[in-house]
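Data block below; observations after.
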Amino acid sequence: MVYQLPVLGGERIKGKALTASVALISGVGFLLFGYDQGVMSGLFVAGQFSATFPKLAEVNSLGMPYADGAPSPFDSAVQGAVTAIYEIGALIGSLIVLWKGDLIGRRLSIAIGAVTMIVGATIMTASYEIGQFTAGRIITGIGNGMNTSTIPMWQSELSKAHNRGLLVLIEGALIAGGIMISYWIDFGFFYLDNTSVQWRFPIAFQAFFAIVLLIGILCLPESPRWLVKKGKHEQAARVLAQMDDTTVDDPAIMTTVRQLRESIEASETLLGQFSYRELFTNGPEQNFYRTSIAFIAQAFQQLSGINLITYYATTLFLSIVPDRTTARLLTCGNGTEYFAASIVALFLIDTLGRRKLMLSTAFMMSACMAILAGTVSRVNSQKALGITGIPESYVAAVCLYLFNTMFAFGWLGMTWLYPPEITPIRIRAPASAIATSSNWL
6 MVYQLPVLGG ERIKGKALTA SVALISGVGF LLFGYDQGVM SGLFVAGQFS
56 ATFPKLAEVN SLGMPYADGA PSPFDSAVQG AVTAIYEIGA LIGSLIVLWK
106 GDLIGRRLSI AIGAVTMIVG ATIMTASYEI GQFTAGRIIT GIGNGMNTST
156 IPMWQSELSK AHNRGLLVLI EGALIAGGIM ISYWIDFGFF YLDNTSVQWR
206 FPIAFQAFFA IVLLIGILCL PESPRWLVKK GKHEQAARVL AQMDDTTVDD
256 PAIMTTVRQL RESIEASETL LGQFSYRELF TNGPEQNFYR TSIAFIAQAF
306 QQLSGINLIT YYATTLFLSI VPDRTTARLL TCGNGTEYFA ASIVALFLID
356 TLGRRKLMLS TAFMMSACMA ILAGTVSRVN SQKALGITGI PESYVAAVCL
406 YLFNTMFAFG WLGMTWLYPP EITPIRIRAP ASAIATSSNW L
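Here it is as structure tokens:
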């Protein structure tokens with residue numbers, strides 16, 4: 006017997022209200038994803054964070070950089086390990102969904118992910134030593150990996166076909182929205198430099214998104230496709246009727262249920278029960294080729310360097326502009342501009358096409374990185390001589406903004422949309438999970 010979470014909202018949410026509710030809760034999940042990625046940026050240069058975790062912070066307990074040549078407890082290797090361990094947790098979470106996600110269902114996977122993130126956030130907020138904080142990072146990462154592997158699939162299976170692409174792109178834009186929120190919250194709490202609330206509240210606030218996600222998923226229905234696959238045809242019909250704001254005896258609902266059942270049964274009759282080996286063989290459907298494209302697209306999204314900027318934005322701007330307040334404002338502005346660019350991208354993708362947009366923006370991102378390398382090197386060499394305010398620092402700041410803009414246009418939402426579009430229905434769920442796991446590699 007397949008266990009299902011009870012639906013607290015029953016069948017009261019219907020039609021467009023149901024579509025909007027699913028989109029809202031899915032959006033909250035991706036706001037949480039973005040917030041969790043961006044929140045550490047301002048904490049690495051926060052005085053109170055340094056007072057608790059001196060090995061992780063690049064400043065002293067007063068929030069000031071360590072003097073050149075002076076002994077410092079800061080350890081970049083430890084900082085890098087604690088930062089990266091989150092990605093390991095997220096990889097584990099996405100692999101859990103690949104392994105058991107289709108067995109336990111979309112809603113339960115998301116609910117477990119949300120609860121896991123609440124537990125991880127609580128541990129990090131209450132931390133007083135690095136080991137405890139690191140454990141919290143791993144646990145939070147596991148929850149995030151489960152959510153990001155499941156939410157796009159759950160949303161697409163509860164949406165009309167003509168809305169699915171746009172809704173997935175909006176999810177990508179909301180990642181940038183979450184990053185923007187985290188930057189501004191870090192900036193606001195930067196001024197509370199006499200209490201550990203300076204870093205504990207920004208860490209704890211991610212639990213707010215996770216709680217909203219958990220409540221939302223308990224009030225909304227399961228994927229009708231998953232229900233049909235598990236033999237719950239009557240329940241699937243009720244969900245489909247909710248989506249169309251009609252009754253289960255509507256001929257259109259009965260036809261949709263029959264088509265779903267026949268599609269799944271035909272697939273299993275011709276090919277048998279699904280085996281993960283199918284992902285690594287080609288044949289008429291070119292499964293391995295399609296899965297590889299999906300995997301590589303998401304992997305190269307991360308290899309572009311976007312996470313480096315997201316996690317260390319404040320540090321990067323401090324290396325260009327020594328004033329602490331100005332550097333933080335530039336970080337907040339970068340996050341805000343990143344979110345605005347991701348909204349513009351919604352209107353570009355169908356106009357310019359997937360491939361052309363990805364190639365052109367990748368070229369522009371490469372040019373920005375090349376210019377950044379030269380300008381930051383020049384800024385650092387001049388800073389060693391006591392010279393500040395050189396023109397190259399302004400060029401570097403502009404290139405950081407431009408890099409995020411190009412990434413938002415061509416890669417932020419695109420790599421979440423691309424895998425479901427190019428994979429057949431039979432392997433769509435596991436192929437999407439594998440593609441998502443490459444985010445964390």
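Residue numbers (the numbering used here): 6 to 446. For each residue, glycine too, the CB sits at the ideal point set by N, CA and C. Source: prediction; values computed, not measured.
Check the C-beta distance from M45 over to Y316 and give it rounded, since I have them as a contact under 8 angstroms.
About 6 angstroms; that satisfies the 8 angstroms criterion.
For P59, which of helix, strand or coil comes out of DSSP?
Three-state DSSP puts P59 in coil, outside helix and strand.
Taking M248 as part of the alpha helix (DSSP H), name the residues at either end of that continuous run.
Unbroken alpha helix (DSSP H) run through M248: H238 to D249.
Tell me the start and end of each unbroken beta strand (DSSP E) in the segment 176 to 202 that is at least 3 residues and wholly inside, in chain order.
Entirely contained in the segment 176 to 202, not one beta strand (DSSP E) run reaches 3 residues.
State the Cα-Cα distance for the pair F35 and V83, rounded to the nearest angstrom.
Each residue's Cα considered, the two are about 28 angstroms apart.
With respect to the alpha helix (DSSP H) encompassing W159, which residues constitute its N-terminal and C-terminal limits?
Unbroken alpha helix (DSSP H) run through W159: I135 to E162.
Consult DSSP for P396 and reduce its assignment to one of helix, strand or coil.
Residue state, collapsed to three classes: helix.
Taking Cβ positions, are L351 and L179 nearer each other than 8 angstroms?
No, Cβ-Cβ distance for L351 and L179 is not below 8 angstroms.
From the DSSP output, read off the bridge partner residues of V33.
In the DSSP output, where bridge partners are listed per residue, V33 has none listed.
Just how far apart, CA to CA, sit R111 and W231?
Straight-line Cα distance between these residues: approximately 8 angstroms.
With DSSP as the reference, identify every bridge partner of P435, one or two as the case may be.
According to DSSP, P435 bridges with nothing at all.
Taking contact to mean at least 3 C-beta pairs separated by less than 8 angstroms, is the segment 204 to 222 in contact with the segment 118 to 134?
Yes: at least three Cβ pairs fall under 8 angstroms.
Taking 8 angstroms as the threshold (C-beta atoms), are T155 and G118 in contact?
Yes, the Cβ-Cβ distance between G118 and T155 is below 8 angstroms.
Hey, would you say S347 sits closer than 8 angstroms to G177, going by beta carbons?
Result yes, Cβ atoms of S347 and G177 sit closer than 8 angstroms.
If you count every other CB in all the chains shown that lies within 10 Å of the CB of N199, and 16 or more means buried, which is it?
So N199 counts as exposed.
Expressed to the nearest angstrom, what Euclidean distance is found between the alpha-carbon atoms of N385 and R142?
Distance between the alpha carbons of N385 and R142 is about 32 angstroms.
Give the straight-line distance between the Cα atoms of S268 and A434, rounded to the nearest whole angstrom.
So the two alpha carbons sit approximately 15 angstroms from each other.
Which runs of the alpha helix (DSSP H) fall wholly inside the segment 330 to 357 and span at least 4 residues, in chain order?
DSSP runs (the alpha helix (DSSP H)) wholly in the segment 330 to 357: none.
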